[in-house]
Amino acid sequence: MDSPDRPRPASELDSAPERPFASREPQNPSLDDHEVDPRARPHGSETDERRAAWERGREAQRARKQGREPRRTHDVPLVSFGPFAALAENVRDYAIFLLNTDGVIIYWGEGARLMKWWTRDEAEGAHLRVLYPEGGSQDGTAEEHLRESAERGEYVGEGQRVRSDSSTFWAGITLTALRDQNHQLIGFAKVTRDLTARLAVEAALAMTGSARAQRDAALQQVRLALAARDAAREHADFAFEQARSARDYIRNVLEPELASLRIARANELLEHGDPPPVEVRRG
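Residue 24 in my numbering sits at position 24 of the sequence shown, and the numbers go up by one each step.
This is the structure in structure tokens:
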């Protein structure tokens with residue numbers, strides 16, 4: 001048995017019989033160029049869509065064990081064979097798949113399986129909302145993106161998408177409306193790239209920038225503290241110099257003058273006789 005990760009050679013793909021891109025009519029024949037049928041399901045049923053996809057995968061496994069072909073709910077598009085399929089099966093950095101006009105996945109490339117972990121049995125037949133978190137992603141819902149792609153020709157955005165184990169990853173997506181020669185909407189092509197690594201790098205750079213800003217702020221605080229310390233030291237040195245100058249002035253100027261005054265006073269007392277008696281008070 002071939003490994004599921006083995007790329008299918010173009011020779012095998014080209015040898016398969018060709019079938020129309022969409023041999024059945026859209027589920028809603030009244031759908032015009034600017035409307036996308038939400039597949040008659042209430043909005044916000046992403047989790048229910050995933051449960052249905054898991055059950056579809058289990059049913060396909062049971063059918064193969066019993067020697068039966070799994071029941072398909074959609075027709076195989078023409079591009080499932082040939083150059084497009086060779087591209088979708090062999091490009092591993094991108095998830096490439098097709099949807100019909102209702103937003104139901106009708107072709108699931110190998111790159112999509114490797115990135116999103118949904119098997120072909122699970123993904124094909126599921127609405128695009130199977131890949132969205134419950135209630136939609138940061139960039140909107142599957143229905144909103146299908147509608148914008150139908151109206152504008154393409155939707156490009158980024159947001160969380162859900163793998164088959166319910167884990168999420170950050171995806172960059174391009175959803176392109178496909179039209180025939182009469183400009184009638186015939187389906188959608190979607191290309192997804194896993195941007196989780198880029199997001200992690202951006203987060204790391206943001207953390208580095210934040211850490212650098214905190215470091216710079218801390219260094220500024222240290223500089224201010226050092227400046228305050230130097231100013232205090234200069235003030236202390238100035239006060240010390242003032243005190244030493246005062247001491248020297250007292251020692252070298254005032255004390256000699258006081259000594260001279262005492263000597264002069266003593267001489268004056270000696271010249272005029274005994275000093276006046278000191279009055280002693282008794283309590």
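Note that beta-carbon positions come from the ideal geometry of N, C-alpha and C, so glycine has one too.
Give me the residue from the options with the minimum Cα distance to residue i.
i, options, result
"Ala86", "Arg247, Trp108, Gln220", "Trp108"
"Asp139", "Gln160, Asp93, Ala123, Leu185", "Gln160"
"Asn100", "Leu128, Val156, Trp118", "Leu128"
"Thr157", "Glu148, Ser164, Asp180", "The question names Thr, but residue 157 in the sequence shown is Gly. Closest by alpha carbon: Glu148."
"Arg51", "Ser166, Arg62, Leu146", "Ser166"
"Ala142", "Ser45, Gln220, Ala197, Met207", "Ser45"
"Arg120", "Leu178, Glu59, Asp180, Ser137", "Glu59"
"Ala286", "Asp93, Trp117, Arg71", "The requested residue 286 does not occur in the structure, where the chain is confined to residues 1 to 283."
"Val162", "Trp117, Gln181, Asp180, Glu144", "Trp117"
Determine the direct distance from the alpha carbon of residue j to that of residue i, and round the result to whole angstroms.
i, j, result
"Asn252", "Asn267", "23 Å"
"Ile263", "Ala225", "55 Å"
"Arg215", "Ala203", "18 Å"
"Arg193", "Gly67", "36 Å"
"Ala217", "Ala236", "29 Å"
"Arg233", "Ala239", "10 Å"
"Leu270", "Glu257", "20 Å"
"Glu49", "Gly209", "41 Å"
"Tyr132", "Leu146", "13 Å"
"His183", "Ala189", "16 Å"
"Leu98", "Lys65", "28 Å"
"Asp230", "Leu261", "45 Å"
"Asn28", "Gly187", "Low per-residue confidence applies at Asn28: pLDDT is 34, beneath 50, and the placement is therefore not dependable enough to give any value."
"Ala228", "Leu219", "14 Å"
"Arg113", "Ala53", "13 Å"
"Gln221", "Tyr249", "42 Å"
"His272", "Arg265", "11 Å"
"Ala243", "Glu255", "16 Å"
"Ser164", "Ala211", "36 Å"
"Val201", "Met207", "10 Å"
"Gln61", "Gly136", "30 Å"
"Ala246", "Ala213", "49 Å"
Determine whether the beta carbon atoms of residue i and residue j lie at a separation below 7 Å.
i, j, result
"Gly111", "Val91", "yes"
"Arg56", "Gly125", "yes"
"Leu195", "Gly172", "yes"
"Glu154", "Thr176", "yes"
"Ile96", "Ala123", "no"
"Val191", "Thr168", "no"
Considering only residues of the same chain and omitting the five flanking positions on each side of residue i, which have a CB-CB separation below 6 Å?
i, result
"Thr47", "Glu134"
"Arg8", "Per-residue confidence for Arg8 stands at a pLDDT of 42, beneath the threshold of 50, marking its modelled position as unreliable; no derived number is given."
"Met115", "Ala95, Asp194"
"Ala259", "none"
For residue i, collect the residues of the same chain with a Cβ closer than 7 Å to its Cβ; drop the 5 residues on either side in sequence, then sort them by chain order.
i, result
"Leu199", "Trp170"
"Glu241", "none"
"Leu178", "Ile186, Gly187, Phe188, Ala189"
"Ala10", "Low confidence applies here, because Ala10 scores a pLDDT of 39, under 50, leaving its location unreliable; read the following figure in that light. The answer, listed in chain order, is Ala86."
"Arg223", "none"
Taking 7 Å as the CB-CB limit, is residue i close to chain B?
i, result
"Leu98", "Going by chain labels, chain B is absent from the structure shown, which holds only one protein chain."
Ignore the nearest five residues each way along the sequence and tell me which others in residue i's own chain have a CB closer than 8 Å to its CB.
i, result
"Ala63", "Glu69, Pro70, Arg71"
"Asp180", "Ile186"
"Glu144", "Gly136"
Go through the segment 150 to 211 residue by residue and report every complete run of the beta strand (DSSP E) that reaches 3 residues or more, in order.
-> 154 to 162, 168 to 179, 185 to 194
Note down, one range per segment and in chain order, each beta strand (DSSP E) of at least 3 residues found wholly within the segment 79 to 133.
-> 94 to 99, 105 to 108
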